[in-house]
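Trainee: Got a structure here, written out as structure tokens. Questions coming.
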Amino acid sequence: MTAYSVLDLCPILRGGDPTQSFRHSLDLARHAEQWGYTRYWVAEHHNMPGVASSATAVVIAHIAAGTQRIRVGSGGIMLPNHAPLVVAEQFGTLASLHPGRIDLGLGRAPGTDMETARALRRDLQSSAMEFPQDVQELMAYLDDPDPEQRVKAIPGVGTKVPVWLLGSSLFSAQLAARLGLPFAFASHFAPEALHDALAIYRDRFEPSRYLDKPYAAAGIGVYGADDNREAQRLFTSVQQQFTNLRRGRPGPLPPPLENMDEFWSPLERAGVEQALRYSMVGDKTTVTEGLREFLDKTQVDEVIITSGIFDHDARLRSYKMASEILSELS
Numbered sequence: 001m002t003a004y005s006v007l008d009l010c011p012i013l014r015g016g017d018p019t020q021s022f023r024h025s026l027d028l029a030r031h032a033e034q035w036g037y038t039r040y041w042v043a044e045h046h047n048m049p050g051v052a053s054s055a056t057a058v059v060i061a062h063i064a065a066g067t068q069r070i071r072v073g074s075g076g077i078m079l080p081n082h083a084p085l086v087v088a089e090q091f092g093t094l095a096s097l098h099p100g101r102i103d104l105g106l107g108r109a110p111g112t113d114m115e116t117a118r119a120l121r122r123d124l125q126s127s128a129m130e131f132p133q134d135v136q137e138l139m140a141y142l143d144d145p146d147p148e149q150r151v152k153a154i155p156g157v158g159t160k161v162p163v164w165l166l167g168s169s170l171f172s173a174q175l176a177a178r179l180g181l182p183f184a185f186a187s188h189f190a191p192e193a194l195h196d197a198l199a200i201y202r203d204r205f206e207p208s209r210y211l212d213k214p215y216a217a218a219g220i221g222v223y224g225a226d227d228n229r230e231a232q233r234l235f236t237s238v239q240q241q242f243t244n245l246r247r248g249r250p251g252p253l254p255p256p257l258e259n260m261d262e263f264w265s266p267l268e269r270a271g272v273e274q275a276l277r278y279s280m281v282g283d284k285t286t287v288t289e290g291l292r293e294f295l296d297k298t299q300v301d302e303v304i305i306t307s308g309i310f311d312h313d314a315r316l317r318s319y320k321m322a323s324e325i326l327s328e329l330s
């Protein structure tokens, strides 16, 4: 069976605020738990006017405290922004508060611009190069302590929080394979290397004490509605947001438009449509066909669904539709 999970950036809506975003996220998580979603991923971004999940561990604590069974994790923590010990302490605390429900996904990108990275007091060039060593250092803090170990993550030591590697290129696929860790590819916004990354991960996977065989996940967008026209209208919110980001003007998630051709140029349209290639937009029949084709071609163990829909109730309906379809396909 293919597992299915939620990826949430806690979108800030135009005219809204982070308080509203967190209220919506918790409501979505509670519904996702009822609908059979395996995990609720929260992503780290900084200096993004449309993203409220910058303090990712705090948001995970909020979601986990407001739900009962669903696993909650980082999709992901951008490790170059942080000292491994601090991340181990944060997720050791989360695992102590919510045993057996926390996952730690790690990424190599900063999740922000260079000026903001400097404000985070990180040297991104050296930190990115040290990513493999930082991953192993972090995992060591979460493992059983070595008798000679002088620095311990408290809480953290012995919690053995499951660690994932996330990526949009081949680097993390190779590292996940070498370390024997689960791997998730960010195909919901960077689709180009998806199949190559999955092939490399599976071909080079080395069994470990964490996994005896590869476990691969991939991100997609789902924008489901009662009819194709309405789904396409809902989809224009994220299309606008991606266009604005490429224009250098990131902002809150805008309400949908009736006509995107009045908003973007043909060149902008081509770029955004390429980035959002793995978005299933339409009624239940259309989304079912898209999901079936994606699962057949990728054979992923888990599909991670994001949905940048402006109206909260419409977003809930889209996630419910996706869960029904994936349950049937599995």
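No gaps in the numbering here: position 324 of the sequence shown is 324 in the UniProt record's numbering, and each next residue is one more.
Every residue gets a Cβ at the ideal spot worked out from N, C-alpha and C, and that includes glycine.
1. Do Tyr-40 and Ile-70 have their C-beta atoms within less than 9 Å of each other?
2. Tell me whether Leu-13 sits in a helix, a strand or coil according to DSSP, three-state version.
3. From Leu-245 to Asp-144, what does the alpha carbon distance come to, in whole angstroms?
4. Could you say which of Glu-258, Pro-254, Ser-208, His-46 lies nearest to Thr-112 if we only look at CA atoms?
5. Label Ser-330 either buried or exposed according to how many other C-beta atoms from any shown protein chain fall within 10 Å of its C-beta, with 16 as the threshold for buried.
6. Smallest Cα separation from Asn-259: which of Ala-275, Tyr-278, Glu-230?
7. Would you please state the rounded distance, in angstroms, between the beta carbons of Thr-298 and Leu-198? I believe it to be under 8 Å.
8. For Ser-38, is the classification buried or exposed, using 16 other Cβ atoms within 10 angstroms of its Cβ as the cut-off for buried?
9. Under 9 Å between the Cβ atoms of Ala-32 and Tyr-319?
10. Leaving aside the five residues before and after Phe-185 along the sequence, list all residues of the same chain whose C-beta is less than 6 Å from its C-beta, in chain order.
11. Rank Ser-96, Ser-172, Pro-155 by C-alpha distance to the C-alpha of Met-129 and give the top, closest one.
12. Could you name each continuous beta strand (DSSP E) segment of 3 residues or more that falls completely within the region 88 to 175, going from the start of the chain to the end?
13. From the beta carbon of Asp-296, is the nearest beta carbon of chain D less than 9 Å away?
14. Keeping to the same chain, check which residues put their C-beta closer than 8 Å to that of Ala-43; ignore five residues upstream and five downstream.
15. Considering only DSSP beta bridges, list what Ser-318 is partnered with.
Mentor: Taking the geometry as given:
1. Here residue 40 refers to the residue found at position 40 when the sequence shown is read from its first residue. Here residue 70 refers to the residue found at position 70 when the sequence shown is read from its first residue. Yes.
2. In the sequence shown, the residue the question calls residue 13 occupies position 13. The DSSP-derived three-state label of Leu-13 is strand.
3. Walking along the sequence shown from the start, residue 245 turns up at place 245. Walking along the sequence shown from the start, residue 144 turns up at place 144. Distance between the alpha carbons of Leu-245 and Asp-144: 43 Å.
4. For the purposes of this step, residue 112 is identified with residue 112 of the sequence shown, where counting begins at 1. Taking each of Glu-258, Pro-254, Ser-208, His-46 in turn and checking the Cα distance to Thr-112, the smallest one comes out for His-46.
5. Counting from one through the sequence shown, the residue named residue 330 turns up at place 330. Looking at its Cβ environment, which holds fewer than 16 other Cβ atoms inside 10 Å, Ser-330 is exposed.
6. The sequence position of residue 259 within the sequence shown is 259, counting from 1. Ranking the options by Cα distance to Asn-259, first place goes to Glu-230.
7. Taking the sequence shown and counting its residues from 1, one reaches residue 298 at position 298. Taking the sequence shown and counting its residues from 1, one reaches residue 198 at position 198. With a Cβ gap of about 6 Å, Thr-298 and Leu-198 count as contacting.
8. Residue 38 sits at position 38 when you count from the first residue of the sequence shown. The identity of residue 38 in the sequence shown is Thr, whereas the question assumes Ser. So Thr-38 ends up on the buried side.
9. Indexing the sequence shown from 1 puts residue 32 at position 32. Indexing the sequence shown from 1 puts residue 319 at position 319. Tyr-319 sits close to Ala-32, with the two beta carbons spaced by under 9 Å.
10. Within the sequence shown, residue 185 is the residue found at index 185, counting from 1. Cβ neighbours of Phe-185 beyond the five flanking positions: Leu-194, Ala-197, Ala-218.
11. Residue 129 sits at position 129 when you count from the first residue of the sequence shown. Met-129 has its Cα closest to that of Ser-172, out of Ser-96, Ser-172, Pro-155.
12. Given a length threshold of 3 residues, each whole run of the beta strand (DSSP E) inside the region 88 to 175 is given here in chain order: 102 to 107, 163 to 167.
13. The chain labelled as chain D is not found in the depicted structure, where only one protein chain is given.
14. In the sequence shown, residue 43 corresponds to position 43, counting from 1. Within its own chain, the residues whose Cβ lies closer than 8 Å to the Cβ of Ala-43, once the five positions on either side in sequence are excluded, are Leu-7, Asp-8, Leu-9, Val-51, Ser-53, Thr-56, Ser-74, Gly-75, Gly-76, Gly-111, listed in chain order.
15. For the purposes of this step, residue 318 is taken as residue 318 along the sequence shown, with counting starting at 1. According to DSSP, Ser-318 bridges with nothing at all.
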